[in-house]
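Visitor:
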Amino acid sequence: MRYQMVEDRFVAEQTHEIINLEHALADAEMKLPEKFLVMSIVDKFPKSWENFGMTLKHQKGRLSLDDLMIAISIEEEHRNQTHKMPAITGKTVSMGNSSTAEVLGIGSVDLKFPSGRILSLKRVHHVPTIRRNIISGSVIVREGYELAFKFNKVVIQQFGIFVETPPYSPSSNGVTERKNRTFKDMINSLLLTSGLPKYLWGESLNTACHILNRVPLKHNTSTPFELWKGRKPSLKYFRVWGCLAKVLVPEHKRKKLGPKTVDAVFLGYVETSYALRFLVIKSEIPSIEVNTIVEFRDAVFLEDVFPMKTEIPSSVSLDDSLASTSIPEHVEKMTNMGVNPNTASLTHEESDVPRRSKRARVVKDFGSDFVTYNIEDDPVTFKDAMASLEAKQWKEAVKSEMDSIVSNGTWMDVKTAFLYGELDEEIYMDQPEGFVAHGNERKVCKLVKSLYGLKQAPKQWHEKFDQTILAFGFTDMGEADVILGIKLIRSTDGIAISQSHYVEKILEKFGYQNNRIAKTPYDSSVALFKNESGVSVAQLRYSQIIGSLQYLANGTRPDISFSVSKLARYTSCPETHWGALDRVLRYLKGTVSLAIHYSRFPAILEGYSDASWIAKKLRSNGCSGYVFTLGGGAVSWKSAKQTLITRSTFEAELCALDTTGTEEEWLFGLLSQLPIVSQPLPPIAVHCDSQTTIAKVRSRKYNQKTKRHIQVRLKSIRALVSDRVIGIDFVGTKDNVADPLTKGLDLSQVNKSRLGMGLKTHQ
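This note's numbering applies: residue 14 is where the sequence shown begins, and numbers increase by one.
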């Protein structure tokens with residue numbers, strides 16, 4: 014297709030022409046593949062679109078024709094938004110490092126100052142290669158201004174006079190100075206109205222900022238909060254600043270017998286939590302002192318009473334019908350609630366003693382551990398729910414549940430999933446509290462179907478479920494044969510699990526049905542290293558095989574766990590590793606029918622731990638492996654590279670034993686919760702082939718030379734032994750079932766370890 018795009022036409026328009034040509038070819042029964050057409054269009058981009066074309070080529074194979082058209086439209090629209098002037102050929106500017114940069118255009122620029130003044134500069138050069146907006150001093154001087162450096166600032170002066178604003182004229186200082194005046198007026202108004210002392214001006218300033226951020230602007234009907242958050246703020250929680258408040262103290266801050274509230278003055282809002290700030294003026298609770306600032310959520314406000322200006326009326330109580338707080342919707346986090354012990358004690362009158370320091374006192378952040386200070390417990394009774402702050406929400410929830418129960422006779426829903434069973438007997442119940450029928454208070458309700466709490470409910474629900482399933486055509490197929498791709502084979506001797514069908518599928522998919530058989534999964538004489546050349550060989554196919562083998566190794570084939578774990582480390586750039594991977598597949602071809610067999614005896618859980626320590630420089634990390642058997646078959650196993658560098662065989666074995674102990678602790682907890690297992694459980698035996706490691710665990714001596722990360726693992730194992738969760742025994746290397754999970758073995762050892770894991774051929 015001989016077609017090349019040009020610069021002076023829209024790329025989208027030229028792309029449509031190419032697509033029309035392709036449609037003409039399709040009508041002539043010469044349809045082009047979509048991926049070929051997409052790459053052909055990208056190759057025909059004009060020169061200015063080469064970088065964009067390279068970006069699209071990275072998405073080769075995933076980019077459809079529709080995606081290409083959308084990308085071209087967005088890119089062209091973005092380019093059209095930049096109004097470019099024709100380049101001035103030959104015009105350059107000199108840079109400070111003696112280099113030159115090309116000038117694209119010349120125009121006028123308005124230089125805006127914080128004071129609000131605007132300085133118009135003409136004939137300013139536009140140099141796109143300069144990333145920052147830089148104005149040359151010569152341009153400013155050319156316009157009749159002078160530059161001067163004053164107090165570490167660049168000051169522009171005109172006709173020998175500095176361009177500054179006159180004193181005591183905030184109207185000349187722009188928006189910033191005018192906003193300061195607004196805050197000052199609000200602070201003064203809040204302090205005078207509430208009667209609070211002047212040293213609380215910081216609290217009033219925070220409140221003023223909080224209010225102004227939720228007030229519409231003059232030039233815009235939206236509030237700053239709405240412009241920032243994208244939604245309108247809630248003003249329901251706003252209270253009069255400086256008014257009296259009856260603050261409810263959390264239960265853990267007060268005694269069971271005694272007052273529950275303190276008298277305080279409302280000081281403002283906490284931006285990072287649901288809490289409000291109060292100045293305590295009267296307290297009978299020992300944990301809360303007078304003249305301290307606290308942050309709590311629940312309070313009752315007397316918005317017409319200002320205690321710092323007038324006396325507190327003695328007749329006021331918490332039971333009065335007053336406004337209470339509501340949770341602000343704008344706050345998304347909830348931290349730092351409770352009494353702030355770092356806040357200075359405050360007095361009602363200003364002190365005549367001069368302050369010695371003007372440093373701001375930093376409030377200590379106690380973290381999320383104090384989040385639950387003011388979280389209320391769920392109400393226990395209907396009366397408690399109706400008396401709580403969330404009474405409206407509780408009433409809606411109760412009504413929804415009642416509607417579900419009433420309508421359950423004709424319809425099914427998720428919320429009443431346990432109420433489907435129909436009753437055979439007549440059962441009556443009292444009318445629910447809050448839903449007593451007017452005029453029929455002495456009557457009771459007759460149940461049509463089962464209800465929560467009835468002894469008959471589980472039985473009736475099961476019968477209803479059984480009838481419904483049978484009505485839909487479901488039948489009992491007997492015991493399961495396959496679960497999650499694993500075959501279950503039952504016999505008089507026990508049960509076996511196998512994935513022979515999955516092994517055959519892997520061999521067929523990757524073409525290994527006719528390859529010769531390998532006797533062992535890994536050749537110990539072959540050393541694998543990272544591919545330093547950076548050139549991979551069939552990386553995608555390699556990763557597909559590794560993924561398939563990992564599912565098999567984690568399911569029913571622990572004998573290939575070490576090989577798969579080791580080969581998976583080189584998935585990003587395989588090269589010579591293909592030989593080892595080929596051996597694993599050929600080993601599977603000869604062991605397709607292997608299955609893990611479990612017998613009824615011995616029904617004892619025991620574990621094996623092993624490690625391989627490599628002293629060579631190129632391989633400084635060892636390998637850990639463990640296997641747990643129950644009934645003669647493996648139930649849990651793992652082979653993994655150690656994440657830390659060990660200096661000896663002892664340290665490598667200790668790290669492996671710690672990993673084994675972690676898994677054993679989980680299995681111990683699982684067995685302790687099974688009702689068929691006799692309790693209490695005895696310690697689970699773990700066999701280790703390192704006598705040095707066993708002696709170190711049993712010894713209580715402390716060696717200062719042992720590294721800290723080794724000491725941590727040693728203490729963890731000793732704790733499991735002392736808690737009678739684990740018992741460590743010695744086993745010979747040849748009898749260690751976990752040995753093939755850490756290294757390659759010869760044929761005799763492979764066969765012996767397979768039998769120890771319960772892997773046998775199933776006929």
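Glycine included, each C-beta is placed from N, C-alpha and C at the ideal position.
Only counting the same chain, and skipping five residues up and downstream in sequence, which positions put a Cβ closer than 6 angstroms to that of GLY860?
Guide: There is simply no residue 860 to check, as the chain begins at 14 and stops at 776 in what is shown.
Visitor: Roughly how many whole angstroms lie between the Cα atoms of VAL116 and GLN27?
Guide: 31 angstroms
Visitor: Pick helix, strand or coil for VAL176, following the three-state DSSP scheme.
Guide: The predicted model places VAL176 with a pLDDT of 49, which falls under 50 and marks its position as unreliable; any figure quoted below should be read in that light. Coil at VAL176, not helix or strand.
Visitor: Express the C-alpha separation of PHE49 and GLY757 in angstroms, rounding to a whole number.
Guide: Cα to Cα, GLY757 sits roughly 48 angstroms from PHE49.
Visitor: Determine the direct distance from the alpha carbon of LYS266 to that of SER625, and round the result to whole angstroms.
Guide: 57 angstroms
Visitor: What's the gap between the Cα of LEU34 and the Cα of GLU90?
Guide: Going from the Cα of LEU34 to the Cα of GLU90 covers about 25 angstroms.
Visitor: Let's see if you can read the secondary structure: which residues bound the beta strand (DSSP E) around PHE784?
Guide: In the structure as shown, the chain starts at 14 and stops at 776, and residue 784 therefore has no counterpart that could be examined.
Visitor: If the criterion is Cβ atoms closer than 8 angstroms, does the pair THR221 and LEU203 meet it?
Guide: It is Ala, not Thr, that sits at residue 221 in the sequence shown. Taking 8 angstroms as the Cβ cut-off, ALA221 and LEU203 qualify as a contacting pair.
Visitor: Leaving out five residues on either side along the sequence, give the residues of the same chain with a beta carbon under 7 angstroms from the beta carbon of GLY150.
Guide: LEU160
Visitor: Cβ of VAL293 within 8 angstroms of Cβ of ALA277?
Guide: Yes, the Cβ-Cβ distance between VAL293 and ALA277 is below 8 angstroms.
Visitor: Along the chain, where does the alpha helix (DSSP H) containing TRP626 start, and where does it finish?
Guide: It is not in any alpha helix (DSSP H) - TRP626 carries neither H nor E in the DSSP assignment.
Visitor: Mind checking ASN749: buried by the 16 CB within 10 Å criterion, or exposed?
Guide: buried
Visitor: Put GLY592 into one of helix, strand or coil per three-state DSSP.
Guide: helix
Visitor: Take ILE617 as the anchor and find which of LYS245, THR642 and ASP595 has the nearest alpha-carbon.
Guide: With distances taken between Cα atoms, ILE617 lies closest to THR642.
Visitor: Less than 7 angstroms between C-beta atoms, sequence neighbours within five positions excluded: which residues of the same chain meet that for GLY498?
Guide: GLN512 and TYR515
Visitor: Can you grab the Cα-Cα spacing for the pair ILE723 / LYS709, in whole Å?
Guide: 12 angstroms
Visitor: So the candidates are ARG582, LYS500 and GLY486; which of them puts its Cα closest to the Cα of GLU492?
Guide: The shortest C-alpha to C-alpha distance from GLU492 to any of ARG582, LYS500 and GLY486 is the one to LYS500.
Visitor: Under 8 angstroms, do SER61 and GLU20 count as touching if we go by C-beta distance?
Guide: yes
Visitor: Beta-carbon within less than 6 angstroms of LEU562's beta-carbon, same chain only, minus the 5 sequence neighbours each way: which residues are those?
Guide: VAL577
Visitor: Is the Cβ-Cβ distance between ARG529 and ARG596 less than 8 angstroms?
Guide: For ARG529 and ARG596, no; Cβs fall outside 8 angstroms.
Visitor: Starting from the Cα of VAL55, find the closest Cα among PRO46, GLU42 and LEU69 and give me that residue.
Guide: LEU69
Visitor: Would you kindly report the start and end of the unbroken alpha helix (DSSP H) that includes VAL275?
Guide: Run containing VAL275: none in the alpha helix (DSSP H); it sits in the beta strand (DSSP E), 274-282.
Visitor: Just to confirm, is the Cβ distance from VAL652 to LEU754 under 8 angstroms?
Guide: Sequence inspection shows Ser at residue 652; the Val mentioned does not correspond to that position. The answer is yes: Cβ separation under 8 angstroms.
Visitor: Of the choices ALA400, PHE23 and ARG227, whose alpha-carbon is the least far from that of PRO59?
Guide: Looking at the Cα atoms, PHE23 is the closest of the given residues.
Visitor: Quick one: grab the DSSP three-state call for HIS475.
Guide: helix
Visitor: Thinking just about the alpha-carbon of each residue, which of PRO246, LYS245 and PHE279 is nearest to the one in LYS259?
Guide: That would be PHE279, whose Cα lies nearest to the Cα of LYS259.
Visitor: So THR28 is in the alpha helix (DSSP H); what residue range does that whole segment cover?
Guide: 24-40
Visitor: Could you give the C-beta distance for ALA309 and CYS256, rounded to a whole number, given that I count them as a contact under 8 angstroms?
Guide: Here residue 309 turns out to be Phe, not Ala, going by the sequence shown. With a Cβ gap of about 15 angstroms, PHE309 and CYS256 do not count as contacting.
Visitor: Kindly identify the DSSP beta-bridge partner or partners of LYS295.
Guide: Answer by DSSP bridge pairing, in chain order: ASP276.
Visitor: Can LEU670 and CYS701 be called in contact, C-beta distance under 8 angstroms?
Guide: yes
Visitor: Within a Cβ cutoff of 6 angstroms, which residues of the same chain sit near LYS773, ignoring the five residues on either side of it in sequence?
Guide: HIS610
Visitor: Can you name the start and end residues of the beta strand (DSSP E) that ARG503 belongs to?
Guide: 499-504
Visitor: How is the alpha helix (DSSP H) around ASP397 delimited, first residue to last?
Guide: 395-400
Visitor: Where does LYS456 sit, in a helix, a strand or coil, going by DSSP?
Guide: coil
Visitor: Do you know whose CA, among ILE741, CYS586 and THR533, lies nearest PHE542's CA?
Guide: CYS586
Visitor: So, at 7 angstroms on beta carbons, what are the nonlocal neighbours of THR659 in its own chain, with the 5 sequence-adjacent residues on each side left out?
Guide: Apart from the 5 residues on each side of it in sequence, THR659 sits with its Cβ closer than 7 angstroms to the Cβ of TRP626, GLY635, ALA665 and CYS668 in its chain, given in chain order.
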